[in-house]
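>
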Amino acid sequence: MEDIFKEIEPQVYKSQISVPYQWWAGETASKFFITLRDEKKILGTECPQCAKVFCPPKKTCPFCYVDTKNWKEVGPKGKVITYTVVYRQLAALKKNVPVAYGLIQLEGSANAMLHYIEGIEPEKISKGMEVEAVFADEKSASIHAISYFRPVK
Amino acid sequence: MEAAIIGVGMTTIEKSKVGETYADLAWEAVNKALNDAGLGIDDIDNVITTSSDFWDGRTISCMAVGDASGVRYKNCSAVEGDGTFGAAYALARSLSGDYKTTLVTAHSKGSESISSIITNAAFDPIYERGLGLDMISACAMQARAYMHATGTTPEQLALVSCKNHKNAKDNPYAQLPMDITVKDVLSSEMIADPLHKLDCSPVSDGCCAIIIANADFVKKIKAKPVWIKGVAFCSDAYFMGDRDLSKAKALEEAAKKAYSMAGITNPQNEINVAEIYDAFTYQELMWIEGLGLAEYGKAGLMLEKGIFNRDGKLPVNPSGGLLSGHPVIAAGLYRIAEVVLQLRGEAGGRQVNAKRGVAHGVNGLCGQSHCVWVLDKEK
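What follows is the structure, given as structure tokens:
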């Protein structure tokens, strides 16, 4: 077939998909976020059968498949299960590199939450390191009510 | 199992296919698969398309490749996710006895969007998405968890990249055939520690199509069938923090089921070739172990011994794998097509000696869900 792009730039149709969308946080996440914002406390939900506590909290225990009825305070200290330091300014990042992310298992929680690790040179972060939540000054009922996790001094 | 793959078709995998829309890619792959099977479109009685609306930038993207896949006035259904899962749906239809010939397509054009933003949207919007993670940063965390648990080294990860890019030199469909060294990988840009640029697969364009037929139909045609002996899939928890990221438990379960269907008791000895979802170097090693082709934590050592090389005892990704070209969604279907060519002895310069092979696909962040196919030259 003839090469129709031989002497021209291939044509593209440039556009952007920008669809306003809202996700209802629901009862479970709302209670978690409001308590974070107003009391600077981190809550998890407890399974009545296996007694595991989940943070971020969930309405259902994935192991027992029952409602998690009780709220339990967890953290604010925890340990780094795994982590990465991002050095390329990937398009999804909200901060300038280097950006460190960790999966943080809070004291009393059976699972781990994703968040930033700051307050330490990124090269010095290690697996198993003890960290604690730093709460945001600005009031926000969202995951950003915690600014980041920093090493426990 | 009374079903076989009777035709495969692949487009070349490229960084950006400017000459074709993704429907055009489907047209090419479907026609290649039909020619391969010696069939015309009228011989196909139903179609499964596999696609992702976010990657395609189009709602109900499955419908947009219908015309190119010959679905007009036919039974057509769709799967969102990796092509291996679309093919599993096609297999179920074939085994139901209601369908003779099921065409499966899977496509994507990574060149048309920004993969970091697309994969960021896979995260939970309430708890996680706003933090700005994407597939690479998430998988970097899994890579670290796996390396820490097993003692697998950055050099061993790099060796996967060297092997696969070298294998791609004999694959005319591959995007990135290269001779590179461990040093090249380790000195390439550190994107998200511990993953260097050459530990990551590229973002690619491509489409793959296969045709699955029931045993009665296979008897009537001349095409060389490759028999489906076992297929299983299994999923882990959605949230990364709910899983043990250092292990591929869902893959172990899927593999066990697929092997049991195929009557395989010792996969290390009974599987002769494997095409595995190596979106990142560490994943090839982790998935090799999850598939029971190495003991947990030992794949790196076996790789160093050359066991997974094309001339080794158990060649893994002789095509060059996803590291040499990664059209998301289509990627797993390419793995199936590659194993089919290997078992038919039609893999050209990348041919290995194989009677039975395994193909593997992944859906979700950090291998949340796995699909395993055991294929055999003989019924």
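These protein sequence lines map, in sequence, to chains A and B. Mapping of the first sequence onto the working numbering: position 114 corresponds to residue 114, and the numbering continues sequentially without gaps. If you want the working numbering, it's the 1-based position in the second sequence plus 1000. We put the CB at the ideal spot given by N, CA and C, even for glycine.
When you compare only the Cα positions, how much space is there between A:LYS139 and A:LYS40?
Residue 139 of chain A sits at position 139 when you count from the first residue of the first sequence. Residue 40 of chain A sits at position 40 when you count from the first residue of the first sequence. Going from the Cα of A:LYS139 to the Cα of A:LYS40 covers about 10 Å.
> Look up B:ALA1209 in the DSSP assignment and say whether it is helix, strand or coil.
For this step, residue 1209 of chain B is matched to residue 209 along the second sequence. Strand.
> Between A:THR45 and chain B, is there a C-beta pair that is closer than 9 Å?
One-based indexing of the first sequence puts residue 45 of chain A at position 45. Cβ-Cβ to chain B under 9 Å: no for A:THR45.
> Roughly how many angstroms separate the alpha carbons of B:ASP1376 and A:GLN49, rounded to a whole number?
Here residue 1376 of chain B corresponds to residue number 376 of the second sequence, with the count starting at 1. Here residue 49 of chain A corresponds to residue number 49 of the first sequence, with the count starting at 1. Going from the Cα of B:ASP1376 to the Cα of A:GLN49 covers about 45 Å.
> Please name the residue or residues paired with B:THR1153 in a DSSP beta bridge.
Indexing the second sequence from 1 puts residue 1153 of chain B at position 153. Its beta-bridge partners do not exist; DSSP assigns none.
> Less than 9 Å between the beta carbons of A:ILE120 and A:GLY78, yes or no?
Along the first sequence, one-based indexing puts residue 120 of chain A at 120. Along the first sequence, one-based indexing puts residue 78 of chain A at 78. Against a cut-off of 9 Å, the Cβ pair of A:GLY78 and A:ILE120 comes out as no contact.
> Below 8 Å CB to CB, which residues in the same chain sit around B:ASN1120 once its five sequence neighbours on both sides are set aside?
Position 120 of the second sequence, counted from the first residue, corresponds to residue 1120 of chain B. The residues are ARG1129, GLY1132, LEU1133, ASP1134.
> With distances taken between CB atoms, is the gap from B:THR1050 to B:PHE1085 smaller than 9 Å?
Along the second sequence, read from residue 1 onward, the residue named residue 1050 of chain B stands at position 50. Along the second sequence, read from residue 1 onward, the residue named residue 1085 of chain B stands at position 85. In contact: B:THR1050 and B:PHE1085 (Cβ atoms closer than 9 Å).
> Do you know offhand how far A:HIS204's Cα is from A:ALA92's?
Outside the displayed range of chain A (1 to 153) lies residue 204 of chain A, so it cannot be described from this structure.
> Check whether the Cβ of A:TYR116 lies closer than 9 Å to any Cβ atom in chain B.
For the purposes of this step, residue 116 of chain A is identified with residue 116 of the first sequence, where counting begins at 1. Answer yes: the Cβ-Cβ gap between A:TYR116 and chain B drops below 9 Å somewhere.
> Can you check whether the C-beta of B:SER1161 is within less than 9 Å of a C-beta belonging to chain A?
As a first step, residue 1161 of chain B is located in the second sequence; it is residue number 161 there, counting from the start. No, B:SER1161 does not count as interfacial toward chain A.
> Name the DSSP bridge partner or partners of A:LEU105?
Along the first sequence, read from residue 1 onward, the residue named residue 105 of chain A stands at position 105. Reading the sequence as shown, one finds Gln at residue 105 of chain A and not Leu. Note: A:GLN105 sits in a beta bridge opposite A:LYS79.
> Give the DSSP-derived three-state secondary structure of B:ASP1067 in the structure shown.
For this step, residue 1067 of chain B is matched to residue 67 along the second sequence. Looking at B:ASP1067 - three-state DSSP - the assignment turns out to be helix.
> Looking at chain A, is there any beta carbon in it that lies within less than 9 Å of the beta carbon of B:TYR1089?
For this step, residue 1089 of chain B is matched to residue 89 along the second sequence. No, B:TYR1089 does not count as interfacial toward chain A.
> Are B:CYS1208 and B:GLY1083 touching if we call contact CB-CB under 9 Å?
Along the second sequence, one-based indexing puts residue 1208 of chain B at 208. Along the second sequence, one-based indexing puts residue 1083 of chain B at 83. Their beta carbons are under 9 Å apart, which means B:CYS1208 touches B:GLY1083 by this criterion.
> Report the rounded CA-to-CA distance for B:ALA1331 versus A:LYS153, giving the unit in angstroms.
For the purposes of this step, residue 1331 of chain B is taken as residue 331 along the second sequence, with counting starting at 1. For the purposes of this step, residue 153 of chain A is taken as residue 153 along the first sequence, with counting starting at 1. Each residue's Cα considered, the two are about 46 Å apart.
> Three-state secondary structure (DSSP) at A:THR35?
Numbered from its first residue, the first sequence carries residue 35 of chain A at position 35. Helix.
> If the cut is a Cβ gap below 7 Å, which residues of chain B does A:TRP23 touch?
Residue numbering aside, residue 23 of chain A sits at position 23 when the first sequence is read from its first letter. Neighbours of A:TRP23 on chain B, chain order: PRO1125, ILE1126.
> Would you give the residue range spanned by the alpha helix (DSSP H) that B:ALA1299 belongs to?
For the purposes of this step, residue 1299 of chain B is identified with residue 299 of the second sequence, where counting begins at 1. 1299 to 1304 is the extent of the alpha helix (DSSP H) around B:ALA1299.
> For B:PRO1267, report the span of its alpha helix (DSSP H) as first-last.
Taking the second sequence and counting its residues from 1, the one referred to as residue 1267 of chain B is at position 267. Element bounds for B:PRO1267: 1267 to 1270.
> Tell me the rounded alpha-carbon separation between B:GLY1320 and B:LYS1166.
Numbered from 1 along the second sequence, position 320 holds the residue referred to as residue 1320 of chain B. Numbered from 1 along the second sequence, position 166 holds the residue referred to as residue 1166 of chain B. For B:GLY1320 and B:LYS1166, the distance between alpha carbons rounds to 7 Å.
> Please state the DSSP three-state secondary structure of B:ALA1090.
Within the second sequence, numbered from 1, the residue matching residue 1090 of chain B stands at position 90. DSSP places B:ALA1090 in helix when its eight states are reduced to three.
> Taking the C-alpha atoms as reference points, what is the distance between B:ALA1003 and A:TYR87?
Residue 1003 of chain B sits at position 3 when you count from the first residue of the second sequence. Residue 87 of chain A sits at position 87 when you count from the first residue of the first sequence. Cα to Cα, the separation comes out at about 48 Å.
> Less than 7 Å between C-beta atoms, sequence neighbours within five positions excluded: which residues of the same chain meet that for B:VAL1218?
Here residue 1218 of chain B refers to the residue found at position 218 when the second sequence is read from its first residue. These residues qualify, in order along the chain: ALA1004, ILE1006, PRO1225.
> Who are the Cβ neighbours of B:SER1016 in its own chain at under 7 Å, not counting the five residues just before and after it?
Residue numbering aside, residue 1016 of chain B sits at position 16 when the second sequence is read from its first letter. Counting only Cβ-Cβ distances below 7 Å, and skipping sequence neighbours, we find SER1111, ASP1205.
> Is DSSP giving A:TYR65 helix, strand or coil here?
Working through the first sequence from its first residue, we reach residue 65 of chain A at position 65. If DSSP states are grouped into helix, strand and coil, A:TYR65 belongs with coil.
> What's the gap between the Cα of B:CYS1076 and the Cα of B:VAL1231?
Locating residue 1076 of chain B in the second sequence gives position 76, counting from the first residue. Locating residue 1231 of chain B in the second sequence gives position 231, counting from the first residue. Cα to Cα, the separation comes out at about 22 Å.
> Pick out whichever of A:PHE63, A:LYS52, A:CYS47, A:GLY102 has its Cα sitting closest to the Cα of B:ALA1192.
As a position in the second sequence, residue 1192 of chain B is number 192, starting the count at 1. Selected option, being the one with the closest Cα: A:GLY102.
> Please decide whether B:MET1190 counts as near chain A, where near means a Cβ-Cβ distance under 9 Å.
Looking up residue 1190 of chain B in the second sequence gives position 190. Chain A, which has a Cβ nearer than 9 Å to the Cβ of B:MET1190, makes this yes.
> With DSSP as the reference, identify every bridge partner of B:GLU1014, one or two as the case may be.
Locating residue 1014 of chain B in the second sequence gives position 14, counting from the first residue. Answer by DSSP bridge pairing, in chain order: B:ASP1205.
> Within 10 angstroms of the Cβ of B:SER1324, are there 16 or more other Cβ atoms? Answer buried if so, exposed if not.
Residue 1324 of chain B sits at position 324 when you count from the first residue of the second sequence. B:SER1324 comes out buried.
> Flag B:GLY1081 as yes when its Cβ comes closer than 8 Å to any non-hydrogen atom of the ligand SAH, and as no otherwise.
The ligand content of the structure shown is nil, which means the ligand SAH is not present either.
> Looking only at its chain, what residues have a beta carbon closer than 6 Å to the beta carbon of B:SER1137, apart from the 5 residues adjacent to it on each side?
Here residue 1137 of chain B corresponds to residue number 137 of the second sequence, with the count starting at 1. Same-chain partners within the cutoff: ALA1192.
> Using 8 Å for Cβ pairs, my map puts B:THR1101 next to B:ILE1041. What's the rounded Cβ distance?
Counting from 1 along the second sequence, the entry for residue 1101 of chain B is found at position 101. Counting from 1 along the second sequence, the entry for residue 1041 of chain B is found at position 41. Wrong, their Cβ atoms sit about 10 Å apart, outside the cutoff.
> On the CB-based measure, 16 or more other CB atoms within 10 Å of its CB, does A:THR28 come out buried or exposed?
The count along the first sequence starts at 1 and reaches residue 28 of chain A at position 28. Per the 10 Å Cβ criterion, buried.
> B:ALA1250 by DSSP, collapsed to three states: which one?
Position 250 of the second sequence, counted from the start, is the residue given in the question as residue 1250 of chain B. Of the three classes helix, strand and coil, the one that applies to B:ALA1250 here is helix, per DSSP.
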